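Let me begin by presenting the structure, written as structure tokens, before commenting on it.
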Amino acid sequence: MTHRRAALLQLVIHLPSIPMLCNIDPTLYLRIKHLQHSLQNTLQSTLTTLILAGNRIGSQGVEYIANALIHNTTLIELDISNNRIFASGAEHLANALRRNQTLSVLKTNHNEINDSDIEYLVKALNENHFVIDIFHLIRRHILTDSSLYKLITFVLSQNSIEDEGAQHFANALKSNQTLTSLSISRNLVSSQGANYLLDVLKENQTFTYLNLTNNHIGEEALEEFEINVQERTTPITIKLARKLYLTLEIKLNDQ
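Start counting the sequence shown at 1; every next residue gets the next number (full-length UniProt numbering).
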């Protein structure tokens with residue numbers, strides 16, 4: 001038994017038993033709240049997508065997933081949204097991100113991740129040099145070697161991120177030229193946090209998508225986004241909420 005296979009079995013042993021709701025290989029949708037023993041058979045070397053959203057795995061469950069990710073060489077998308085994940089869970093994820101060479105899309109929205117947790121994660125992103133968002137590339141059969149790429153998609157909507165967390169991301173984007181898509185909607189970011197991101201987006205020309213809807217951003221900061229983003233020379237989409245149901249999209253197209 002290889003070390004990687006042992007890690008996957010450890011994930012099966014410690015998590016509650018799970019039935020497979022939909023298995024369109026190589027994508028797997030799972031729910032932990034059902035008690036059956038099928039995860040052991042479905043977590044195999046060809047698995048590329050693991051969706052565990054809307055369960056109660058908590059930080060301990062994330063620890064087992066993170067341990068498996070350290071040795072996993074095929075998983076490219078992990079969705080652990082809405083799972084009551086706190087600080088220790090974020091730290092486990094950060095440790096896995098430093099070493100995993102294939103994970104591309106990480107969705108952790110609707111948890112309890114705060115500013116200090118964000119610092120762990122963004123540092124890990126800058127230390128990981130092998131991951132990419134390959135959602136569309138795989139469907140179009142473009143990607144041949146995922147180890148050549150880097151992480152570009154991060155979803156952290158509906159957590160407890162404030163201005164300090166936004167600043168951590170801004171600092172990371174100064175040197176990270178591969179993270180291109182960030183969603184931190186429904187958090188606690190104010191105009192100050194938005195300005196941190198605005199300053200760096202004027203310089204980081206590889207970033208293409210930012211979702212800040214449903215935060216605490218004032219009208220003045222929204223106007224600054226509209227004006228200053230025009231200094232960019234590459235396409236970008238920025239979603240900002242003026243009212244609860246009104247979203248402004250700023251788009252620049254290639255000339």
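Even glycine gets a Cβ: it sits at the ideal position worked out from N, Cα and C.
These numbers come from a predicted model, not from an experiment.
| query | result |
| --- | --- |
| Residue closest to L198, alpha-carbon to alpha-carbon, out of T208, Y209, I184, V229 | V229 |
| Proximity of T206 and K239 at Cβ, strictly below 8 Å | no |
| Inter-residue spacing [alpha-carbon to alpha-carbon] between L121 and D115 | 10 Å |
| Pairwise C-alpha distance: Y209 and T102 | 22 Å |
| CA nearest to the CA of I70, picked from K107, T108, L97 | L97 |
| Length at least 3, wholly inside the stretch 82 to 111: the beta strand (DSSP E) runs in chain order | 105 to 107 |
| Straight-line gap, E77 to T49 (C-alpha atoms, nearest Å) | 5 Å |
| Whole-Å CB distance - I184 paired with S160, under 8 Å assumed | That belief does not hold up - the Cβ atoms of I184 and S160 are roughly 11 Å apart, past 8 Å. |
| Where the alpha helix (DSSP H) containing L173 begins and where it ends | 163 to 175 |
| Reference L222, options Q192, E203, A166, closest by Cα | Q192 |
| Backbone secondary structure at F225 - three-state DSSP | helix |
| Nearest neighbour of N171, chosen from A194, K107, I80 [CA to CA] | A194 |
| Neighbour flag for T48 against chain D, beta carbons, 8 Å | Of the protein chains in this structure there is only one, and it is not chain D. |
| Inter-residue spacing [alpha-carbon to alpha-carbon] between L182 and K107 | 10 Å |
| heavy atom of the ligand PLP below 7 Å from G61 C-beta | Absent from the structure shown: the ligand PLP. Ligands present: none. |
| Where I217 falls, given that 16 or more other Cβ within 10 Å makes a residue buried | buried |
| For N83, the nearest candidate out of A94, G89, I57 (CA to CA) | I57 |
| Separation of V189 from I236, as counted between CA atoms | 20 Å |
| Pick from N211, I80, A124 that is closest to N100, judged by C-alpha positions | A124 |
| Unbroken beta strand (DSSP E) run spanning N211, endpoints | 209 to 211 |
| Pair within 8 Å by beta-carbon distance, E117 and A166 | Note that residue 117 is Asp in the sequence shown, not Glu. It is not a contact, given that the beta carbons lie outside the stated cut-off. |
| Beta-bridge pairing of N114 - partner residues as DSSP gives them | S160 |
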